[in-house]
Every structure is written in C-alpha cells, then in structure tokens.
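Heads up, the sequence shown is in the working numbering, so the first residue is 1386 and it goes up one at a time.
Some notes on the structure that comes next.
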Amino acid sequence: MRVGLLTIELSIGGAFSLKEKRMVVNRVRDRVRRTFNVAIAEVDLLDVWNAATMGVVTVSNDGRHVDEMLSKVVNFVSTLKDCEIEDYSTEMI
C-alpha cells in the first residue's frame, strides 16, 4: 500500500479577511474533491487571511498512480484563478 501526501502553500491575493479566505479555501477544497478521489483539508495558517496550507492525501497499491494523482492535483490547483501556488511538496509513505 502506498500513501501519498501533498502539501500545497497557497497565496490568496484577493482575500482581505478570514471570511474571504474561507470562501476561497472552501471553493478549492470542493473542486479538488469533486474532480479527484482524494482527501483534502486546510492544515496550517488558519488565522492568516491571505495564505493557506492545504494537505492532500491519496492511497493506492501502485506508487506511480499515487504520484500521477498528486501531480494532477497540483496542475489543477495551479489553473484556479482565486489563488496561486507558492510552494508544494510531496511525500510517499
């Protein structure tokens, strides 16, 4: 069994309050969940209104599939207009 963990640091330039940030984070989370079979949640920078750290996890019996899935998630999030990816990292467990 292979577990893939993706951590994405997002910059949310259009947010000027925690409420606006929450709207963007929820939109990103919902679109990723709807498009891919992964678990996703905001995991850090909860009180910062213009940045977010999202954690994405997927499980498979094939490590290549896990890596491809996480790469697709990064590419998908990079196309969203509400935020920009500042940094990301992947880890296989």
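C-beta atoms are modelled at their ideal positions from N, C-alpha and C, and glycine is treated no differently.
Considering just the uninterrupted stretch of the alpha helix (DSSP H) at residue i, what are its terminal residues?
i     : result
G1389 : Not the alpha helix (DSSP H): G1389 falls in the beta strand (DSSP E), residues 1387-1396.
D1415 : 1403-1420
D1452 : 1448-1464
Measuring CA to CA, which of the options is closest to residue i?
i     : options                    : result
V1459 : G1448, V1441, N1446, H1450 : V1441
For the beta strand (DSSP E) holding residue i, just list the boundary residues, first then last.
i     : result
G1440 : 1436-1445
Can you name, in chain order, every residue of its own chain whose Cβ lies under 7 Å from the Cβ of residue i, other than the five neighbours on each side?
i     : result
C1468 : L1395, S1396, I1397, V1409, V1413
Going by DSSP in three states, residue i sits in which element: helix, strand or coil?
i     : result
S1474 : strand
V1428 : strand
In chain order, what residues of the same chain lie with their CB nearer than 6 Å to the CB of residue i, ignoring the 5 residues before and after it?
i     : result
W1392 : Note that residue 1392 is Thr in the sequence shown here, rather than Trp. Counting only Cβ-Cβ distances below 6 Å, and skipping sequence neighbours, we find G1440, S1474.
A1426 : G1440
Please go through the same chain and pick out, in chain order, the residues whose beta-carbon is closer than 8 Å to the beta-carbon of residue i, but skip the five residues on each side of it.
i     : result
D1447 : R1387
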